[in-house]
Amino acid sequence: MRDPRLRIAATILLSTAAFMSTGGAVIAFLWWLLFTPRLKAIPHPRMLLGVLLMITLTALVSEYTGGMGLNYLVRMIPILLIAAWAYSDRQESELLDVSVWLLGKRIGFDIGLTAEMGLQSLQLISHDLVKIKQAMAIKGLPISVTSMVPLAMNLVVNQLRRTEEASKLLTVRGYSAGGEITPSFVTTKLDVSLTFIALLTFFTSFWLF
Amino acid sequence: MISVRGMRHHLIDIERLDAEGKRVALIGPNGAGKTTLLEVLAGMDKLREGSVKVLGKSPSQVKVGWVGEFPDRTMLFSRVCDEVASSLRFTKVDQEDADLIVMESMAMLKRPDLLKRYTRSLSGGEKALVAFAAAIVNSPDILILDEVDSHLDEATAGIITDAVQLSGIPTLFCTQDMDRASTADHVIFLRDGRVQFSGSPAEVFGQLEDSCFYPSLWRLSQ
Amino acid sequence: MRADLDFMVEREDFKLRCVASYGEGVHLVSGVIGSGKSTMALVMASLLQCQGRYLTKGVQRTILSMQFPEYHITSSSVDDEVRSWGLDPRDVLPRAGMEDRGAIDPFKLSRGQLKRLNLACVFALDPDILLLDEPFSSLDCMVKSRVCKAIESRKDKITMVFSHERSVLPRVESISHIADGKLIHHGSTPEAVSQWASPPPYLRQALQRGARPQNITLQDSMEALCATRD
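Residue numbers (the numbering used here), protein chains in the order written: chain H, 971 to 1179; chain Z, -7 to 214; chain F, 115 to 344.
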């Protein structure tokens, strides 16, 4: 989906539907099966598999101890799959657009800017981590509990330095509060149709069990 | 362009310094206090003692375009167009006007194609160009560049040098490339927080002839 | 001692193909930012998987000095940092000009000082292959000259210098250049000097003026120019 607002709306509607009832979960699953690239849209298949395994275990334990375990499993799976799809379908910078659209050019812009800077930091931290691990391998130091301390120190110090740089950059670029940006969204007919189906699923889920 | 009086700030101790010209170069060994001085002149750091003037005004009243030593590690936005336009966004310039200025600046840097990209996908040299474009979009009164060339290859550094000249904006830059410094109108040699030499390139490098700070192209033509 | 390269690294929108062979001595690898110099260094340090082969002969130990020295820090004092390389601070710190800095936190050093400390450590280790990724960045010309001397003194070992440095360079045995995803091996000096795809300004000028420098330092260009005047 091109329009992040509709994607977020559809995600919320479908997740709620799946949570409400097994029938809702089945339709949400069908929605995922029909309208997303399915397994290709999963960014970290191994991570998702791990989460699924954990949920399945919980469900089995619950089922054997007299709970509604399998029912829980059936409802959780579509929620997870749709969350994975929404995550992989996102575009960089749409947080800024959505937040300005929702909350305006002052608070919305500030929240969006913070989110953008946070995302940049995450990317840089994962880059730092790769470099630090390489540097430790060069020294022949194993990654162990004791080496975690200098590793974490290194990450924190690097991040603090960058934050300081970023705050100087904000000052010199004239930042005080808020900013002028007109978010633009591309809304396709497909986006609208898919969100409409998600809306129907949401309402239907109240009638199903 | 700049004047400093009785400045005592961290390790910097400058009684008097005046530099005029369109392009002023700040040079000196590691740890001389070059970045500290630039940050005070850019209004990023508050001066502890003394006074500094940039273009006859206090730093806070001057619109500064700044590029630091590691432009590739300090991007604020994920879209290149937002990053380049950031000073226009922050100062609430109308979006349509902003878009136009952003396009013009990237065209001047001969890379309008970058505007459609995300900052994450840029190479180091491209990020430096974007940071430079972000520094010039709000037509600053002065450009302050802190060793921008020390992590750049010659081709990218050359594009930036050309753009500085084309923009016509007065520029204060610090560099370890003495061939580049020798093309400035005024050169300041800083050592241990003090101004050791200040004057035209001929005057300053004349004093440095026996050191490695002497420009290599000058030595070659001797 | 020998290092034979015949490999390829491919990532999304990045490609690097290296075919070359390096023996004892100093070898320069130039190229613009992002061209693949660091990637090549990582493969030679066995820190990155590649397709193809990277073989060494008679090499016991390879050490890589990264462009950003702060990544190497694993200790909370300069003394311990030197010890973390298995070295004695009393030997190493005087060489970095930091005799009195042993007790302080390495993160309190400036990047230039940190670079000096890191280089002093890797030179003291005296590995068979020393990979220096941008050893000159953040350094002033006085320190650069000292680093060049240290590089040149490693005559019977392999030293790879990955750099875009334009003013202070060491004497080298061979020159390679990376462009468009490919390593171009210009061969040995002095023949390679005039072949080099990205010579520093002084060398380009000397070549334009008809000089034939024996190597790539400023001194070589000056001597070659003097020779043309005779």
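Glycine is no exception: its CB is placed at the ideal position from the N, C-alpha and C atoms.
Where does the unbroken beta strand (DSSP E) through residue i begin, and where does it stop?
i              : result
residue 300/Z  : Because chain Z here runs from -7 to 214, residue 300/Z falls outside it and cannot be looked at.
residue 276/F  : 272 to 276
residue 176/F  : 176 to 179
residue 1034/H : Unbroken run through residue 1034/H is the alpha helix (DSSP H), 1015 to 1034; no beta strand (DSSP E).
residue 238/Z  : Given a span of -7 to 214 for chain Z in the structure shown, any question on residue 238/Z remains unanswerable.
residue 132/F  : 128 to 136
residue 1/Z    : -6 to 1
residue 170/F  : 165 to 171
residue 122/F  : 116 to 125
residue 8/Z    : 4 to 11
residue 1177/H : Counting along the chain, residue 1177/H falls outside any beta strand (DSSP E), and DSSP gives it neither H nor E.
residue 58/Z   : 56 to 59
residue 293/F  : 288 to 293
residue 263/F  : Residue 263/F -> not in any beta strand (DSSP E); alpha helix (DSSP H) instead, spanning 255 to 266.
residue 243/F  : 243 to 247
What residues in its chain sit with their C-beta under 6 Å from that of residue i, if we drop five residues either side in the sequence?
i             : result
residue 27/Z  : 138
residue 163/Z : 15, 135 and 156
residue 325/F : 338, 339 and 342
residue 274/F : 141 and 245
residue 276/F : 143, 151, 155 and 247
residue 119/F : 132, 134 and 168
So is residue i buried or exposed if we call it buried at 16+ other beta carbons inside 10 Å?
i              : result
residue 1013/H : exposed
residue 80/Z   : buried
residue 181/F  : buried
residue 342/F  : exposed
residue 1038/H : exposed
residue 151/Z  : buried
residue 186/F  : buried
residue 1113/H : exposed
residue 1082/H : buried
residue 252/F  : buried
residue 1057/H : exposed
residue 1036/H : exposed
I need the boundaries of the alpha helix (DSSP H) containing residue i, first residue and last residue.
i              : result
residue 181/Z  : Not the alpha helix (DSSP H): residue 181/Z falls in the beta strand (DSSP E), residues 178 to 183.
residue 75/Z   : 72 to 82
residue 105/Z  : That residue, residue 105/Z, is in no alpha helix (DSSP H); it is neither H nor E in DSSP.
residue 1055/H : 1039 to 1059
residue 322/F  : 315 to 322
residue 1091/H : 1079 to 1109
residue 235/F  : 225 to 239
residue 139/F  : Not the alpha helix (DSSP H): residue 139/F falls in the beta strand (DSSP E), residues 139 to 144.
residue 194/F  : 192 to 197
Only counting the same chain, and skipping five residues up and downstream in sequence, which positions put a Cβ closer than 7 Å to that of residue i?
i              : result
residue 998/H  : 984, 987, 988, 1048, 1052 and 1171
residue 1045/H : 988, 989, 992 and 995
residue 31/Z   : 37
residue 306/F  : 288, 289 and 300
residue 1094/H : 1132
residue 270/F  : 138
residue 1136/H : 1087
Within 8 Å of any Cβ in chain C, is that where the Cβ of residue i sits?
i            : result
residue -5/Z : No chain C is present in this structure, whose protein chains are H, Z and F.
| task | Would you check if the segment 1094 to 1106 of chain H and the segment 11 to 24 of chain Z touch, i.e. whether three or more CB-CB distances between them fall below 8 Å? | result | no
| task | Determine contact between the segment 141 to 155 of chain F and the segment 185 to 198 of chain Z, defined as no fewer than three beta-carbon pairs at a distance below 8 Å. | result | no
| message | Under 8 Å, with one C-beta from each stretch per pair, do the segment 138 to 154 of chain Z and the segment 61 to 77 of chain Z reach the 3-pair mark? | response | yes
| Members of the segment 185 to 212 of chain F that neighbour chain H once the beta carbon cut-off is set at 7 Å | 185, 186, 187, 188, 189, 198 and 199
| query | Using a Cβ cut-off of 8 Å, which residues of the segment 250 to 273 of chain F contact any Cβ in chain Z, in chain order? | reply | 251, 252, 253, 254, 255, 256, 257, 258 and 259
| query | Are there three or more Cβ pairs, one per stretch, closer than 8 Å when the segment 1021 to 1028 of chain H is compared with the segment 1067 to 1080 of chain H? | reply | no
| task | Please list the residues of the segment 1077 to 1094 of chain H that have a C-beta atom closer than 9 Å to any C-beta atom in chain Z, keeping them in chain order. | result | 1079, 1083, 1086, 1087, 1089, 1090, 1093 and 1094
| When Cβ atoms are compared, which residues of the segment 1102 to 1114 of chain H fall closer than 7 Å to chain F? | 1102, 1104, 1105, 1106, 1107, 1108, 1109 and 1111
| When the Cβ atoms of the segment 207 to 219 of chain F are set against those of the segment 182 to 197 of chain F, are three or more pairs found closer than 8 Å? | yes
| message | To be precise: take each residue of the segment 1130 to 1145 of chain H, compare its Cβ to all Cβ atoms of chain Z, and keep it if any distance is under 8 Å. Which residues remain? | response | 1132, 1135, 1136, 1138, 1139, 1140, 1141, 1142, 1143, 1144 and 1145
| Closer than 8 Å, Cβ to any Cβ of chain F: which residues of the segment 147 to 170 of chain Z, in chain order? | 147, 148, 168, 169 and 170
| query | Contact between the segment 217 to 229 of chain F and the segment 1163 to 1177 of chain H: three or more CB pairs below 8 Å? | reply | no
| Which residues, taken in chain order from the segment 138 to 166 of chain F, show a beta carbon closer than 8 Å to some beta carbon of chain H? | 156, 159 and 161
| Would you call the segment 305 to 323 of chain F and the segment 164 to 180 of chain F touching, i.e. three or more CB-CB distances under 8 Å? | no
| Along the segment 74 to 105 of chain Z, what residues have a CB closer than 8 Å to any CB found in chain H? | 74, 78, 79, 80, 81, 82, 83, 84, 85, 86, 87 and 90
| said: I want to know whether the segment 105 to 113 of chain Z touches the segment 44 to 61 of chain Z - three or more CB-CB distances under 8 Å. | reply: no
| field | Any 3 or more C-beta pairs closer than 8 Å across the segment 195 to 212 of chain Z and the segment 116 to 134 of chain F | value | no
| request: Could you tell me whether the segment 1120 to 1127 of chain H touches the segment 38 to 49 of chain Z, using the rule of 3 or more Cβ pairs below 8 Å? | output: no
| query | Residues in the segment 26 to 53 of chain Z with C-beta within 9 Å of chain H's C-beta atoms, listed in sequence order? | reply | 31, 34, 35, 36 and 37
| When Cβ atoms are compared, which residues of the segment 1036 to 1048 of chain H fall closer than 7 Å to chain F? | none
| field | Interface positions of the segment 134 to 146 of chain Z facing chain F (Cβ-Cβ less than 7 Å), listed along the chain | value | 142, 143, 144, 145 and 146
| task | Please list the residues of the segment 1150 to 1169 of chain H that have a C-beta atom closer than 8 Å to any C-beta atom in chain Z, keeping them in chain order. | result | 1150, 1151 and 1152
| Listed from N- to C-terminal order along the chain, which residues in the segment 219 to 237 of chain F have their beta-carbon within a distance smaller than 8 Å of any beta-carbon of chain H? | 221
| request: Residues of the segment 1005 to 1016 of chain H with a CB closer than 8 Å to any CB of chain F: list them in chain order, please. | output: none
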